[in-house]
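J.: So the sequence shown is residues 0 to 289, counted in numbering that gives the first Met the number 0. So that we are looking at the same thing, I have put the structure below in structure tokens.
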Amino acid sequence: MMNRVRRAGKEGFIMKIKGIKAAIVYSTLVLGLTLLANVTKIYLLIGLVQLSPMLVLGLMLLFFSERKTTIRSTGIGKLGNWKWYILAGVSGLPILISFLVALGIGYIALPTAAFLNTGAAHFTVFEYVGYMTKAFWSPAMLILMGIFAFGEEIGWRGYLQPKLTETYGSKRAILGTSIVWALFHYPFYLNGYNEDGNFIVTILLFTIMIFPLSVFIGWIRFASGSIWPAVLSHTMINLTRSWLEQLFTTKAEGWTYIAGESGMVTIILWGGVAWFIWRSLSRTTTCTPM
């Protein structure tokens with residue numbers, strides 16, 4: 000009996016070591032590829048490398064002996080309960096609220112009626128808002144944003160987070176995933192990912208924002224048992240941000256300190272949500288899928 004226990008313990012330890020090595024190799028390949036593409040300044044590569052979490056995972060699967068088990072663990076084959084899609088669908092609200100706050104205190108503004116009446120096209124402000132909203136929330140944009148969101152999430156919350164959870168538990172797995180996720184975005188700052196305000200302050204705010212957002216999306220992934228609500232959440236966040244950044248044409252310098260994906264208002268809102276979620280997470284196990 001004792002020999003069986005020791006053998007099981009040893010096998011479990013070996014599996015954990017393998018999991019840690021796989022997570023390190025995966026993260027290193029994704030981050031290295033992303034940095035290399037951004038250094039080249041070739042915009043086609045920079046665009047494609049946004050899918051590197053998916054591309055690297057696909058490459059690694061070619062060498063995995065337990066390929067089916069790994070694919071199953073990503074949650075790609077499960078849909079999850081409908082309520083997680085509702086929650087994921089409103090993920091853009093913190094960004095929307097941040098823009099409304101920035102509008103209220105005069106840091107951003109819609110184009111004026113006089114400006115919209117110049118040139119060949121003539122719009123009222125109301126027509127302009129409607130036109131931009133239809134353009135950004137079209138099926139084509141939803142699909143495009145969804146593809147890039149899936150390209151990231153299948154790697155972060157599909158592969159890396161579950162792999163880290165096996166060894167470190169849910170909380171540390173979310174923290175580890177958030178660190179890699181933040182590092183993944185840094186090279187894009189070399190090519191104008193966010194050109195407003197002070198470079199160091201902007202990256203600092205982005206880094207702070209990543210953790211509570213990772214708690215939220217990571218929790219949805221754990222609780223739903225599926226990768227798809229996480230993909231929808233990521234899609235809504237990116238689409239809401241892109242829509243509002245283009246909608247408000249007048250922006251004071253430093254507006255991103257207040258609004259946008261990593262403005263202070265957004266960080267406060269995500270921080271409040273993450274605080275409640277963090278308290279409910281187990282330190283050593285995943286959440287039970289619902």
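All C-beta atoms, glycine included, are put in the ideal place defined by N, C-alpha and C. If you're wondering where the values come from, they're calculated on a predicted model, not measured in any experiment.
From Thr-265 to Ser-64, what does the alpha carbon distance come to, in whole angstroms?
T.: 42 Å
J.: Could you tell me the alpha carbon to alpha carbon distance between Leu-54 and Tyr-188, rounded to whole angstroms?
T.: Distance between the alpha carbons of Leu-54 and Tyr-188: 21 Å.
J.: Name the two residues that bound the continuous alpha helix (DSSP H) containing Thr-176.
T.: Its alpha helix (DSSP H) spans residues 160-184.
J.: For Thr-249, which beta-bridge partners are listed by DSSP?
T.: Answer is Ala-108.
J.: Mind checking whether Ala-36 and Ile-23 have CB atoms under 7 Å apart?
T.: Ala-36 places its beta carbon 7 Å or farther from that of Ile-23.
J.: Would the segment 191-202 and the segment 104-111 be scored as touching if the rule is three or more Cβ pairs under 8 Å?
T.: Touching, no.
J.: Residues in the same chain with beta-carbon distance under 8 Å from Gly-270, minus the five sequence neighbours each way, listed in chain order, please.
T.: Pro-211
J.: Quick one: is Trp-274 buried, meaning 16 or more other Cβ sit within 10 Å of its Cβ, or exposed?
T.: exposed
J.: Return yes when the Cβ of Leu-61 is within less than 7 Å of the Cβ of Gly-154, no when it is not.
T.: no
J.: What first and last residue would you give for the alpha helix (DSSP H) that runs through Ala-148?
T.: 138-154
J.: So for Phe-122, helix, strand or coil by DSSP?
T.: coil
J.: Counting Cβ pairs, one atom from each stretch, are 3 or more of them under 8 Å apart for the segment 174-184 and the segment 124-140?
T.: no
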